[in-house]
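Mapping of the sequence shown onto mature numbering (1 follows the signal peptide of the UniProt record, and there is no 0): residues -18 to -1, 1 to 434, in sequence order. Heads up, the thing below is written out as structure tokens.
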Amino acid sequence: MLWILCLALCSLLTAARADPGALVRLGMDILNREVQNAMNESHILEKMAAEAGQKRPGMKPIKGITDLKVKDVLLPVITMNFMPGVGVFQCVSTGMTITGKSFMGGNMEIIVVLNITATNRLLQDETGLPMFKSEGCEIILVSVKTNLPSNMLPKVVNKFLDSTLHKVLPGLMCPAIDAVLVYVNKKWASLNAPMPVGQMGTVQYVLTSVPTTTASYIQVDFSPVVQQQKGNTIQLADAGGAAFPEDYVEGSSQLLLSAAFLTAELALLQKSFDVKVKDTMIGELPPQTTVTLAGFIPKVAEAYPKSKPLVTKIRINKSPKVTMKTGKSLLHLHGTLEMFAARRRGKPPVSLFVLETHFNLKIQYSVHEDRLQMTTSLDRLLSMSRRSSSIGPFKEKKLTGFITDFLQEAYIPVINDVLRVGFPLPDLLDMNYNLAELDITENALVLDLKLD
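Below is the structure:
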């Protein structure tokens, strides 16, 4: 009974550790850019300053000062640090000049340098998207300079600071943090939206769980949904663990796409990998005729003394599979290759033989317009066996060179044309994937993300 319980527990733990299809590590480089852009483009501090003298619901008048205005807001300097298990600690250093009429009746001007600090907790909203939420906003005064007479210091100014700055600034400045996070959170809005792969289906990046924060990065795990146009979901196979290499610069950002995920995406294109080649002259190949084929299989000449054009059909009857080792990625294709002798006057071609084939294509990856692109070349023809033949038995090995050349010259260009559709990458914080450096690692493709 105990061993059954152990087996059940182990299976649960294995399922819990199942690798997601895609991972993103967001380093401080990306977050700094997004928060800085949000702060600059929203002009939120200037807007807050402009509203400082306006009456707002629930805002009490400040004793000792009238006609309150804020001007000369300094360009903020933003510092952030990861808080493991929580999110990001943020400090915005800025300054401003507060003006108004003091209780003495004269014009008052106070130059304030301050820090706005808050904890930005990383959560997941009701739609499954990541979101930052500000907590514990505080205002820390760094320095204060005033034009009030020096003989009134320190009691009058201290009283003013206590009754005015410490009351006004949190309500004035802390909403700036919330407004910036709203701006950043909008950048996640399309993250889990289905994205088309031509007319074949869609890919949807669905979060596996709430993003996790470490001391060096935020990790977002995805369980991508790959769906055919008819609505059928392609399940990701368990193709072995995929993990980030350890040699990336601390604070940098990466996107990992597992071999299992790429395999599922290629399954969307499987039907497009079936081809029928009728051309007699193809690239550097000899004429695709029964005369050429008879040089490898003499029985063809006996069956067709006069030259006939060849027609070749390739059907992929198993799902394409991507495998990855460090520095090399292969696309495995299993299918049939059938050759026909064409006939005139509209008569259907006659099948000569059907071969079961397994061959590998080497994959080169690139990014264009934020879509992952693949280009292939023939790596090896691994196996070839005769399933049927209308011309009698023959030695398949004699066709190895002929079929290999045919695949390279006639079939690979078709595959590469199909692959030009590209595969969508996560719509993540306006990321420009075109700048990424690509690395093939064990069971995964890693995009080392770069800033503009």
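Just so it is clear, CB atoms sit at the ideal spot from N, CA and C, and this is done for glycine as well. Quick caveat, the model's predicted, so the values are computed rather than measured.
Between the alpha carbons of Ser371 and Ala4 lies a distance of about 45 Å. For Tyr165, the enclosing alpha helix (DSSP H) covers residues 148 to 168. In the three-state DSSP reduction, Leu244 falls in the helix class (H, G or I). Under the three-state reduction of DSSP, Gln252 is assigned to helix. Asp387 and Leu364 have their alpha carbons spaced roughly 14 Å apart. Across the set Ala285, Val192, Asn299, the C-alpha of Ala285 shows the shortest separation from the C-alpha of Ala324. Nearest C-alpha to Val94 among Asn129, Val349, Glu351: Asn129.
Taking a 10 Å sphere around the C-beta of Leu354, we find 16 or more other C-beta atoms and assign the residue as buried. Contiguous beta strand (DSSP E) elements confined to the segment 291 to 379 occur at 292 to 298, 303 to 307, 310 to 323, 332 to 350, 353 to 371, taking only those with 3 or more residues.
In the structure shown, Ala225 falls within a coil segment according to DSSP collapsed to helix, strand and coil. In the structure shown, Gln18 falls within a helical segment according to DSSP collapsed to helix, strand and coil. Counting only the Cα atoms, Lys344 lies some 28 Å from Asp409. Shown here for Asp107: same chain residues with a beta carbon closer than 6 Å to its own, the five before and five after excluded, namely Met113 in chain order.
Taking all protein chains shown into account, Met90 has 16 or more neighbouring C-beta atoms within 10 Å of its C-beta and is therefore buried. Annotated three-state conformation of Thr271 is strand, per DSSP. DSSP, reduced to helix, strand and coil, places Ile279 outside both helices and strands of the structure shown, so it counts as coil.
Taking a C-beta distance under 8 Å as the contact criterion, Lys115 and Leu105 qualify as a contact pair. Its chain contains Thr76, Gly77 as the residues whose beta carbon lies nearer than 6 Å to that of Leu56, once the 5 sequence neighbours on both sides are disregarded; these appear in chain order.
With 16 or more neighbouring CB atoms inside 10 Å of its own CB, Ala418 falls in the buried class. Beta-bridge partners assigned by DSSP to Leu417: none are found. Taken through DSSP and simplified to helix, strand or coil, Glu91 comes out as strand. For Gln390, the three-state secondary structure derived from DSSP is helix.
At a Cβ-Cβ threshold of 8 Å, Phe335 and Arg368 count as neighbours.
In the structure shown, Lys288 adopts coil according to DSSP, grouped into three states. Per DSSP, Thr190 lies in no beta strand (DSSP E) segment and is marked neither H nor E. When beta bridges are read from the DSSP output, Phe405 appears opposite Leu354.
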